[in-house]
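Colleague: Residue numbering for the sequence shown follows the working numbering, starting at 938 and increasing by one per position.
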Amino acid sequence: KCFFEGDTGYCAVPHEKNEDEMPVCPVFKDIGENFGGFDFPMIPIGCVGILYYGLHVKLQMWMIGCIMPPNHCAPQNSARLFKDIRGREALGMHLGAAISSGGRCGGGGCQSTTLTPAIVYFPKGTYVVSSPIIALYLTQLIGDAKTPPTLLASSNFEGMAVIDADPYIPNGNGQQYYVNQNNFLRSVRNFVIDVRRVPPEKSQGTGIHWQVAQATSLMNIVFHMSAAPNTAHQGIWMENGSGGFMGDLVFNGGKYGMWVGNQQFTVRNITVNNADTAVFSHWNWGWTFQGININNCQVGFDLLTGGATANTQSVGAMAIIDSVATNTPIFVRNSQPSDNNLAGSLVINNARLNNVQTAVGVVGGATVLAGGTRTIKSWGQGNVFKGTSSGAKFVQGDIGNPSKPSSLLDGSGKIFGRMHPQYASYAVSEFVSVRDHGAKGDGRTDDTAALKAIFDKYAGCKIIFFDAGTYIVTSTLTIPAGTRVVGEAWSVIAGSGKMFQDVSNPQVVVRVGEPGSQGILEITDMIFSTVGPTPGAIVVEWNVKQPAGFQGGAGAWDTHIRLGGALGTNLEVQQCPSSGSGVDDGCYAAFLALHIQPSATAYLEGLWAWLADHDLDGDGTSQISIYSGRGILSESAGPVWMIGTGSEHHALYQYSLVNARNHYMGLIQTESPYYQPSPAVPAPFSINARWKDPSFSSGLSSAWGLHVSSSTDIIIFGAGLYSFFNNYDQGCLQTYTCQSQIMNIDSGSDVAVYSLSTVGTTFQVSVDGKGVVRQSENRNGFASTVTAWSF
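Encoded structure:
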């Protein structure tokens, strides 16, 4: 039941309560009239068997019941508001007031925050909007996963898009709410967005303005746009940023399904029907499109190309894998011919064309690759390299098809992908709240014992729900195989204390599965972190192996490792300013962010392992100097999928594969530490053979973006490896000398790299520690791009 009093509502769990027992709670904001009829199965309390599927027709999404109980309140968060606004024409204004209330971060006066998260939940129904719904920082907009609600733009809709993640400030001379490259932590899920009432000639008929950075996602959204001949409608509009992941989207009609520009992004499983252009891209350094279906469009991918200098940046690199285009005259179109020079890299792998006249063409009619009804196995346009050869070979043709291990593929021979689990068919009674069972999540209390007890009792028979907050653990917390963990707007588990302070004896904060264990294990919407100093913290150790016959059964979605930069971490600008002299012993954040063990498998989608370079609280821009030894280390025999992942600012490496096999990585993104080479790698840590650390020859002073040793069947389909600073000075960008080498593959490995873009590094590819491919051969706008490299 819901009781409304002015602008504030109190919602009861599905049994009788008195109104005065319903306190206002944080984080969760529900937009709707009521909660309908609940019909929950009777299940014994405690761990008595496997999870039960709730399939009751009256059952609404578990989120309504699970997040509502009054003891789920977290004192550091904003007030929970409910508004009865369904069916009102001016929904945008009413909803905006609901979302922004409680000291939320936005409007141009707040760049970022970790203090005021919110979930805005939309029950099923149709919501008429006449102005944008603003997705403020640290917000998840979530519709009912069983019956996604419709956001219907009115005929007089005014604004940039139905959902706007970075609004332009009125009369602000182009200023926006957020710095686009730092516009983190946003998610939109489970909606139908319909702009067909907007006159077709108006570009206000746009579904989402998605100018975002890392730790952001769009998923399970259907866009409906006008199919009129003069339509200006578009599903997604994105002018810049530094993303990011999106997937499981459908676009119907419109001038553009997607009109996009961003440093890098990963797109998985989208379908575009009856649009003029499925995807228009006006600039990037590198995007990966995986599993794209294009039907009855005029152009599949329309690319603005030809910008070979930083001042003329256009599309730098497009990597398209496992796509199908049907009844579409042109699959890919460049705006300018290449003239046998790199001016926009293109990779097409496993593309099925059905009645497509031109596979790759140029505006004006020139055909680069003929179409028809055929399959393109592996085709590229750009500079291709082999082994230790340093000479660029420009290719418009076959670039060799990598061997793809069957364990990485689905039943149709495509790279496997799996949508973020949402448990829409589960009953509320199949969830257990950690705060209901003794955990505080207040960022101060030691919750180790409470959390261990919860996992001991409920792992495998209840979905473990982490109410919004920060849960401190002072010894290793094990998440057993068989467990499903769900966070609330990125709940945090943070390691703290003496156990994690000995760099010579590193200890695990969160162990995902016991060594050698096998079973389903799913983690969604969580953050793993530390409270410094913690130089001996292995933040996440991943041991679990997926169940037999269940691809992607062990994975993490919209889950991140965030180290420092947040209030309460003791790794903020007050303790660790970038202007400090030398290394402060109090500014160590971790020994290793993520370790994937040899027997483990992992499906990681949208994961970001970020050592903060600036404060998220306070002014949101002040740089800090903190230290993490290592980013992501995988020794797994596979299969491992890293889809839309990033790792940034760790001292020795961002990604390291050692004795690994059967990995698909696309797109991966890295940044080197801003402070290097002062101190130079490996300082302030040291090389440790026990942890398979790479070596650094004389003259190397910065971290590897990607290091691969003794590893086979590794496919890298899109990589952006960046070095922006030399001891916090960006003058090195002009000469591409922020560091000398950034990606190292040893000669004992079997690796295929496609669509590699780098920034600020002299050599793009090194073999056995020696630079072999110079960026000067591959200038491609602000970045430099290798279209393909392999032994």
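We treat Cβ as the ideally placed atom computed from N, Cα and C, and that holds for glycine. Small disclaimer: the values here were computed from a predicted structure and weren't measured.
Could you check whether the segment 1437 to 1457 touches the segment 1481 to 1499, counting it as contact only if at least three pairs of C-beta atoms, one from each stretch, sit closer than 8 angstroms?
Modeller: Yes, they touch.
Colleague: From I987 to Q1488, what does the alpha carbon distance come to, in whole angstroms?
Modeller: A caution first: I987 carries a pLDDT of 46, below 50, which makes its placement in the model unreliable, though a value can still be read off. Approximately 19 angstroms, taken between the alpha carbons.
Colleague: For a test of your reading of the model: does the CB of N1596 fall under 8 angstroms from any non-hydrogen atom of the ligand ZN? Yes or no.
Modeller: The ligand ZN is not among the ligands present in this structure, which contains no ligands whatsoever.
Colleague: Three Cβ pairs or more, each shorter than 8 angstroms: is that satisfied between the segment 1388 to 1401 and the segment 1324 to 1335?
Modeller: Too few Cβ pairs lie closer than 8 angstroms, so no.
Colleague: Leaving out five residues on either side along the sequence, give the residues of the same chain with a beta carbon under 6 angstroms from the beta carbon of M979.
Modeller: Because the pLDDT of M979 is 29, which lies under 50, any placement of that residue in the model is unreliable, and the question is left without a value.
Colleague: Specify the secondary structure class of E1714 as computed by DSSP and reduced to three states.
Modeller: Reduced to three states, the DSSP call for E1714 is helix.
Colleague: Whole angstroms is fine: what's the gap from T1242's alpha carbon to P1417's?
Modeller: C-alpha separation (whole angstroms): 49 angstroms.
Colleague: Express the C-alpha separation of G1566 and A1197 in angstroms, rounding to a whole number.
Modeller: Note that residue 1197 corresponds to Val in the displayed sequence, not to Ala. Going from the Cα of V1197 to the Cα of G1566 covers about 35 angstroms.
Colleague: Below 6 angstroms CB to CB, which residues in the same chain sit around T1722 once its five sequence neighbours on both sides are set aside?
Modeller: Excluding positions up to five away in sequence, the list reads G1253, A1254, S1282, S1694 and N1715.
Colleague: Counting Cβ pairs closer than 8 angstroms, one from the segment 1529 to 1546 and one from the segment 1574 to 1585, do we hit at least three?
Modeller: Counting Cβ pairs under 8 angstroms, three or more are found: they touch.
Colleague: Given a cut-off of 9 angstroms, decide if Y1601 and W1578 are closer than it, judged by their beta-carbon atoms.
Modeller: Against a cut-off of 9 angstroms, the Cβ pair of Y1601 and W1578 comes out as a contact.
Colleague: Answer with buried or exposed for R1355, where buried requires no fewer than 16 other C-beta atoms within 10 angstroms of its C-beta.
Modeller: Classification of R1355: buried, given that the 10 Å Cβ count is 16 or more.
Colleague: Give the DSSP bridge partners of D1753, in chain order.
Modeller: In this structure the chain extends from 938 to 1728, so residue 1753 is not present and cannot be described.
Colleague: With a cut-off of 8 angstroms on the beta carbons, I'd call I1158 and L1186 a contact; round off their distance for me.
Modeller: Sure, about 5 angstroms apart at Cβ, within 8 angstroms.
Colleague: Measure the CB-CB distance between T1724 and N1320 and report whether it falls below 9 angstroms.
Modeller: Closer than 9 angstroms, so yes.
Colleague: With burial defined as no fewer than 16 other Cβ atoms inside 10 Å of the residue's Cβ, what is the status of N1507: buried or exposed?
Modeller: It is buried - the Cβ of N1507 has at least 16 other Cβ atoms within 10 Å.
Colleague: Assuming L1604 is part of the beta strand (DSSP E), what are its boundary residues?
Modeller: Per DSSP, L1604 belongs to the beta strand (DSSP E) from R1598 to E1608.
Colleague: Just to confirm, is the Cβ distance from T1461 to T1407 under 9 angstroms?
Modeller: For T1461 and T1407, no; Cβs fall outside 9 angstroms.
Colleague: Go to K1083, then tell me how far its alpha helix (DSSP H) extends in each direction, as first and last residue.
Modeller: Premise fails: K1083 is in no alpha helix (DSSP H) and is neither H nor E.
Colleague: Could you name the residues of the same chain whose beta carbon sits closer than 7 angstroms to that of S1091, not counting the 5 residues immediately before and after it, in chain order?
Modeller: So the qualifying residues of the chain are E1026, V1065, V1066, S1067 and R1134.
Colleague: Sorted by chain position, which residues of the same chain lie with C-beta nearer than 6 angstroms to S1593's C-beta, five sequence neighbours on each side aside?
Modeller: Excluding positions up to five away in sequence, the list reads L1570 and H1644.
Colleague: Would you call the segment 1356 to 1368 and the segment 1551 to 1566 in contact, with 3 or more CB pairs under 8 angstroms?
Modeller: No, the segment 1356 to 1368 does not touch the segment 1551 to 1566.
Colleague: Once you ignore the five residues that flank S1615 on each side, which residues in its own chain have a CB closer than 7 angstroms to its CB?
Modeller: Closer than 7 angstroms at Cβ, skipping near neighbours: N1664.
Colleague: Output needed for A1150: all residues of its chain with C-beta closer than 8 angstroms, excluding positions within five of it in sequence on either side, in chain order.
Modeller: Closer than 8 angstroms at the Cβ level, and outside the excluded window around A1150, lie N1117, Q1118, N1119, N1120, F1121, G1178, S1179, G1180 and G1181.
Colleague: Mapping the DSSP letters down to three states, classify A1150 as helix, strand or coil.
Modeller: DSSP places A1150 in coil when its eight states are reduced to three.
Colleague: Give me the DSSP bridge partner(s) of M1579.
Modeller: L1541 and M1602, per the DSSP bridge assignment.
Colleague: Determine the closest residue to S1275 out of I1285, A1303, D1259 and T1263, with distance taken between C-alpha atoms.
Modeller: Answer by Cα proximity: A1303.
Colleague: Hey, how far is the Cα of A1169 from the Cα of L1078?
Modeller: Approximately 26 angstroms between the Cα atoms of the pair.
Colleague: Could you have a look at T1724 and say whether DSSP puts it in helix, strand or coil?
Modeller: Correct three-state label for T1724: strand.
Colleague: Give the straight-line distance between the Cα atoms of Q1591 and T1312, rounded to the nearest whole angstrom.
Modeller: So the alpha carbons of these two residues sit roughly 35 angstroms apart.
Colleague: Taking V1129 as the reference, which of W1220, P1085, F1437 and M1162 has the closest Cα?
Modeller: Of the listed residues, the one whose Cα sits closest to V1129 is P1085.
Colleague: Three or more beta-carbon pairs under 8 angstroms between the segment 1342 to 1354 and the segment 1367 to 1386, yes or no?
Modeller: At 8 angstroms Cβ cutoff, the stretches do not touch.
Colleague: Quick one: is G1111 buried, meaning 16 or more other Cβ sit within 10 Å of its Cβ, or exposed?
Modeller: By the neighbour-count rule (16 or more Cβ atoms within 10 Å), G1111 is not buried but exposed.
Colleague: Cβ of N1286 within 9 angstroms of Cβ of T1265?
Modeller: Contact: no.
Colleague: Around the Cβ of N1093, are there at least 16 other Cβ atoms within 10 angstroms (buried) or fewer (exposed)?
Modeller: Exposed.
Colleague: Thinking just about the alpha-carbon of each residue, which of A1215, Y1193 and N1221 is nearest to the one in F1202?
Modeller: That would be N1221, whose Cα lies nearest to the Cα of F1202.
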